[in-house]
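Just so it is clear: in the sequence shown, position 228 is 256 by the numbering used here, and no numbers are missing. Below is one structure, written out as structure tokens, with a few remarks after it.
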Amino acid sequence: GVIALDDRERIVLANPAAGQLLGFDPADAIERPLLEVTRNRPVLEALAFSKGASSQYMEVELDDDQNRVIGVNATLLSSEPSTRCILVLHDLTELRRLETLRQEFVANVSHELKTPLSSIKAYAETLLNGAINDGENNRRFVAEIDEQAERLYELILDLLSIARIESGQQSFDISAVSLVDAIDACISGNKAAADAKEISLAAQGAPVDLLVSADDEGLRQILNNLVDNAIKYTPHYGRVTVNFHVDGSAAVIEVRDTGPGIAAEFLPRVFERFYRVDKARSRELGGTGLGLSIVKHLAQAFAGNVDVVSEIGEGATFTVRLPLA
Ligand code: ADP
């Protein structure tokens, strides 16, 4: 946005972007004082602040309901009698939001890495301090180190997946992929985990194959993360089913379980990075809190989406839609 003011702070020129940022009609603003046109106190303060210097830059948070942040560049023009000051406004809201997200992400990653590492360090120190000769506990301590190292490994694999997804479309090889093959591979890959809990795991109602437009490995990761969660959170003797059908130009894949379900209040958040309904339970089950955010980003990278429907005690159904090839 650009606004030019005269020596009495009346508007000489305002472009549409400035009007949009500060909520006024530029055509109606000419020759009116800025103070009258916008009640945005922070901007007026920035202007006042800029007096006395030839050029000033300030970031201000607007008083509006969206808490927008704008950068205000105020330049005083001494050689120009009719225009005394030019304000250039940049909307920085999205930039600041992304910066905050990035900071939160780094803080979360550091925390998640630190927890298993601290355990590994503590067990290793205990072993070095003599427990290595303690026949009753030494194997248990080494097993703990192994388990925590596995957690670190899973976390790093998930972080690498996120990095790959974020690096954009070019990192995928999108082609026509057989859904039946991907589902079969997912079911055989997860069979041992399901058997261990006597959970029945099956694909249902798949009369013909469908070809979807996706990256083969990415599609397998989507299915795998959803089925892995379904088995993880479903108690013994439960049921996990994967089925698919066509809806218009999309293939709809549903992963349904008979587990504890997710309360309505948490549903909108489960696709966020590191979000877990029950942190301790997720960790105990070897979760990283990244699985569903990876599913969401992969589905979006393939021009599809993912959604969840659930009720407490009624299991959960995750639905992925992908374009047919
Ligand atoms: P995690 O590694 O913790 O499983 P995810 O991103 O895969 O991370 O899932 C986020 C959270 O969503 C989980 O911690 C869990 O609380 C909830 N969740 C995911 N899938 C299911 C499911 N099938 N049944 C119940 N809760 C689930």
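The beta carbon of each residue, even a glycine, is placed where N, CA and C say it ideally should be.
Around the C-beta of residue i, are 16 or more other C-beta atoms found within 10 angstroms, so that it is buried, or is it exposed?
i, result
"Ala102", "buried"
"Asn157", "exposed"
"His325", "buried"
"Leu318", "buried"
"Glu89", "exposed"
"Gly314", "exposed"
"Gln232", "exposed"
"Gly341", "exposed"
"Thr128", "exposed"
"Glu140", "buried"
"Ala74", "buried"
"Gly163", "exposed"
"Ala220", "exposed"
So does residue i have its beta carbon nearer than 8 Å to some heavy atom of ligand 1?
i, result
"Ala308", "no"
"Phe133", "no"
"Thr316", "yes"
"Asn218", "no"
"Ile290", "yes"
"Gly287", "yes"
"Tyr261", "yes"
"Leu188", "no"
"Tyr303", "yes"
"Asn253", "yes"
"Gly319", "yes"
"Ser338", "yes"
"Val298", "yes"
"Leu313", "yes"
"Val102", "For the record, residue 102 in the displayed sequence is Ala; it is not Val. No - ligand 1 has no heavy atom lying nearer than 8 Å to the Cβ of Ala102."
"Ala344", "yes"
"Phe52", "no"
"Phe330", "no"
"Phe200", "no"
"Phe294", "yes"
Let me check understanding here. Comparing Cα to Cα, which of the options lies closest to residue i?
i, options, result
"Thr121", "Asn95, Glu37, Phe299, Val274", "Asn95"
"Val283", "Phe272, Asp306, Asp35, Ile39", "Phe272"
"Leu33", "Glu59, Gln48, Pro44", "Glu59"
"Val236", "Val274, Ala230, Phe200", "Val274"
"Asp186", "Pro44, Val298, Leu155, Gln249", "Gln249"
"Asp243", "Pro144, Glu293, Val323", "Val323"
"Leu180", "Leu247, Thr316, Gly29", "Thr316"
"Ser206", "Asp53, Gly29, Pro54, Leu350", "Leu350"
"Pro144", "Arg311, Ile31, Ala353", "Arg311"
"Ile259", "Ser241, Gly289, Leu247", "Gly289"
"Ile211", "Ile202, Val298, Leu254", "Leu254"
Can you give the Cα-Cα distance for residue i and residue j, rounded to whole angstroms?
i, j, result
"Gly287", "Gly343", "4 Å"
"Thr262", "Ala278", "28 Å"
"Leu41", "Leu50", "14 Å"
"Arg38", "Ser107", "18 Å"
"Leu117", "Gln131", "25 Å"
"Arg124", "Phe133", "14 Å"
"Glu339", "Ser147", "36 Å"
"Gln328", "Val280", "14 Å"
"Asp256", "Asn218", "7 Å"
"Arg36", "Leu62", "9 Å"
"Gln48", "Leu229", "55 Å"
"Asp119", "Ala331", "29 Å"
"Leu104", "Ala191", "45 Å"
"Asp91", "Asn333", "35 Å"
"Ala57", "Glu87", "23 Å"
"Asn165", "Ala177", "18 Å"
"Leu239", "Phe346", "20 Å"
"Asp174", "Leu183", "14 Å"
"Tyr303", "Ala291", "14 Å"
"Gly99", "Tyr85", "7 Å"
"Phe169", "Tyr151", "6 Å"
"Asn252", "Arg167", "32 Å"
"Glu226", "Tyr265", "5 Å"
"Ile360", "Pro296", "Any answer about residue 360 is impossible in this case: the structure gives the chain only from 29 up to 353."
"Val137", "Gly196", "21 Å"
"Ala308", "Lys142", "16 Å"
"Glu300", "Leu188", "17 Å"
"Ile114", "Pro54", "15 Å"
Tell me the DSSP bridge mates of residue i?
i, result
"Tyr85", "Asn101"
"Asn271", "Gln232, Glu282"
"Ile340", "Answer is none; Ile340 lacks a bridge partner."
"Asn333", "Arg349"
"Ile31", "Ala42, Leu115"
"Ser189", "Per DSSP, none; premise fails for Ser189."
"Ser138", "BP columns for Ser138 are empty, so no partner."
"Asp243", "Ile202"
"Pro54", "According to DSSP, which records beta bridges pairwise, Pro54 is partnered with nothing at all."
"Pro61", "Arg38"
Return yes when the C-beta of residue i is under 8 Å from any heavy atom of ligand 3, and no when it is not.
i, result
"Ala258", "As far as ligands go, the structure on display features ligand 1 and does not contain ligand 3."
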